[in-house]
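The numbering of the sequence shown is the numbering used here, which starts it at 47 and goes up by one.
Virtual Cβ for every residue (Gly too), placed ideally from N, Cα, C.
Here's the structure we're looking at; comments come further down.
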Amino acid sequence: MKFRRIPCLSLLLLALAAQVQANNFHLVTESFPPLNMTNNGTSFARNDRVSGFATDIMRKLFESSGYTTEFTLMSDWDKAFNSAKDKPAYGVYSAFRTPEREEHFQWVGPLYHEDWVILALADSDISVSSLADLKNFKVGSYEYDGISDYLIEQQVNMEQAKSDALNVVKLKLGKIQLWASSSLTGPYVASNFRVPVKSVFKINESSLWLAMHKDTDPAVVEKLNNQLKLMHESGEIQQLIASYNG
């Protein structure tokens, strides 16, 4: 009898381990305040050291759905993106859902919405009424950003920086006249440097998503989407975003 129970026990332990694994996910992101950032200002962090309102949304979403998560903030967006693309049980946030990416992931969202905007110093008299007008100015942007890629496709000459913090400094010093950013990120970064800015043109409106590895159980994705919908309806998402607005 003892010899018969050992295989059964082994199978039970394997089943339990598989269940634990199926309920545990690894979420990766990049530093992009106030969406995702570290508690100590570094370019790499794990778990509790990763903050930002998008991270708070992820924590609440997975916890309320009954799943456990690990978090890694990486210094390189491409590395984070490819981790979620190549590794089962991984997801990357916050990602634009584009036709080129569609089939490579399963999607949870939209998590939240933002505007793509052109920012100027608050006391600037620059007026912009079309994308064509941007060709008359020095426009700064973040080199890994989808906004920058879009404007380059529109043949706007961009001066790309390694971080949006550099764009704030360049704007203040007059090295650039305008700054392409998001309505959520740009004003937040500028306020940290005490540089007042204003939006002078809205380029586009976009949604940000959680992109899960394509082999993620569809039932998990459905559960996350249902829970996210409840969070939107209750106003919880907007409350988490507003908590970072000072």
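_N-terminal and C-terminal residue of the alpha helix (DSSP H) that D161 is part of_ = Counting along the chain, D161 falls outside any alpha helix (DSSP H), though it belongs to the beta strand (DSSP E) covering 151–167.
*asked:* Measuring only the C-alpha atoms, how far is M277 from S237?
replied: 28 Å
*Alpha carbon to alpha carbon, how far is I172 from F78?*
27 Å
*What residue from K244, D195, Q200 has the CA that sits closest to L217's CA?*
K244
*Three or more C-beta pairs below 8 Å linking the region 245–258 and the region 155–167*: yes
*S228 to V163, Cα distance in whole Å?*
6 Å
_By alpha-carbon positions, which one of S89, A126, N70, L81 ends up nearest to K208?_
S89
*What three-state label does DSSP hand F90 in the structure shown?*
coil
*Look at V185 and A226 and say whether their C-beta atoms are less than 8 Å apart.*
yes
*Considering only C-alpha positions, which residue in the set K221, D102, A130 is nearest to M258?*
A130
*Excluding the five sequence neighbours on either side, which residues of its own chain have a C-beta within less than 8 Å of the C-beta of T84, listed in chain order?*
S77, F90, A91, R95, V96, S97, L119
*Determine the contact status of L81 and T115, defining contact as a CB-CB distance below 8 Å.*
no
*Note down the Cα distance separating L197 from N271, rounded to an integer number of angstroms.*
31 Å
*Could you give the distance in angstroms between the alpha-carbon of E146 and the alpha-carbon of D132?*
16 Å
_Among M204, G87, Y188, L274, whose alpha-carbon lies nearest the alpha-carbon of G232?_
Y188
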